[in-house]
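**Student:** I have a structure I would like to understand better, so I am pasting it below and will then ask my questions one at a time.
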Amino acid sequence: MTAISADLNPYDILRWYLESGVDETMGEEPLDRYATTRRALESRAAAVPPPAPQAQRQPRPHAEPMAAPPGALSASALPGTAAHLAAGCADLQALRHAMEGFEGLQLKQAASSTVFGDGNPESAVMCIGEAPGQEEDRRGLPFVGPSGKLLDRMLGSIGLDRSTCYITNVVPWRPPANRKPTPDEVAVCMPFLTRHIELVDPQVLILLGGASAAAVLAKADGINRLRGRWFEFNSPGLPRPIPALATFHPAYLLRTPEAKRDAWRDLLMIRRRMDAVRH
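Remember, our numbering sits 21 above the position in the sequence shown when you count from 1.
Here it is, written out as structure tokens:
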């Protein structure tokens, strides 16, 4: 730093300080500004009176859950739903009429007919497919196209035909362009199918294809994991559980002939079960 000449007068010294950037003068004694700030805060806190004690808040009593009004229906049993209509059907004719008059599924509007069932409803064997195809929709009967002809041969191989078994589908209306029914469409139709099974009350269920097996058994596994195994179908309207076995859909076998060997094993299992029930 440049030394200050003793010849400068006080004004020159002050100008020199200003030009050097000095803009504040300090006393000769040191000043503890932290202590000053602390004393100011303490004085301000002492001037503010302490808050008045608040009354102790009483805990709010728990509200009792509101009871449902007497006679309230669940959403699945509301008037006009499939569950409500199916529950009121005492026989297959009433169930058919209920399904034909059902308006709760858009899929039905595009179909030409309600494909209800075919065969002998008094028989011990009930076959359940996925949904009608074009020929089934036109004729109003399940399994009457190419896959139906193969199904007839499959049933014939174990001594069955349409006079000794009963055939229906999970979804009774043909999806456009033969697409797979959506999970929502299957869910809407399940009360009708469940009542259908209860009214037929077979000794054995044959589930044709993965969609049918998944819907009836309420399982997400594919057909390769479900086929060849016995399950039980339960429903409050049945006097007992019904043995159910899944196998490949005839349409799949037409596309995949090498799977017919496994399908034949499944059919033999069904034959053995029927013989055991008979004896």
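Ideal Cβ positions, reconstructed from N, Cα and C, are used throughout, including at glycine. Quantities reported herein were computed from a predicted structural model and do not represent experimental measurements.
1. Please identify the residue among Ala239, Lys240, Ala103, Ile227 whose C-alpha is closest to the C-alpha of Ile291.
2. When the Cα atoms are used, what is the spatial distance from Lys281 to Ser233?
3. Rounded to the nearest angstrom, what separates Leu288 and Met175 at their Cα positions?
4. Taking only three categories from DSSP, how would you classify Phe252?
5. So what does DSSP say about Pro86, is it helix, strand or coil?
6. Among the residues of its own chain, which have a CB less than 6 Å from the CB of Ala131, if the five just before and after it don't count?
7. Using 8 Å as the threshold, is the C-beta distance between Phe20 and Leu116 below it?
8. Quick one: what does DSSP say Ile179 is sitting in, helix, strand or coil?
9. Which residue comes first and which comes last in the beta strand (DSSP E) that contains Cys148?
10. Looking at Ala301: is its Cβ nearer than 8 Å to the Cβ of Met211?
11. Less than 7 Å between C-beta atoms, sequence neighbours within five positions excluded: which residues of the same chain meet that for Glu206?
12. Helix, strand or coil for Asn141? Go by DSSP, reduced to three states.
13. Can you tell me which of the three DSSP states Asn245 falls into?
14. Report yes if the CB atom of Asp223 is closer than 8 Å to the CB atom of Val136, and no otherwise.
15. Whole-angstrom Cβ separation of Leu229 and Pro271, contact assumed at under 8 Å?
16. DSSP state of Asn30, grouped into three classes?
17. So what's Val165 in DSSP terms, helix, strand or just coil?
18. Measuring only the C-alpha atoms, how far is Thr277 from Asp112?
19. For Pro204, report the span of its alpha helix (DSSP H) as first-last.
20. By the three-class DSSP mapping on this structure, what secondary structure does Leu288 have?
21. Strictly by DSSP, which residues pair up with Thr189?
**Tutor:** The short version:
1. Ile227
2. 18 Å
3. 8 Å
4. strand
5. With a pLDDT of 36 at Pro86, under the threshold of 50, the modelled position of this residue cannot be trusted, and the question is left open.
6. Pro197
7. Residue 20 cannot be examined here, being either before or after the span of the chain that is shown, 22 to 300.
8. coil
9. 146-150
10. There is simply no residue 301 to check, as the chain begins at 22 and stops at 300 in what is shown.
11. Leu126, Leu128, Val192
12. coil
13. helix
14. Note on identity: in this sequence residue 223 is Pro, with Asp being the wrong assignment. No.
15. 7 Å
16. coil
17. coil
18. 38 Å
19. 204-221
20. helix
21. Ile149
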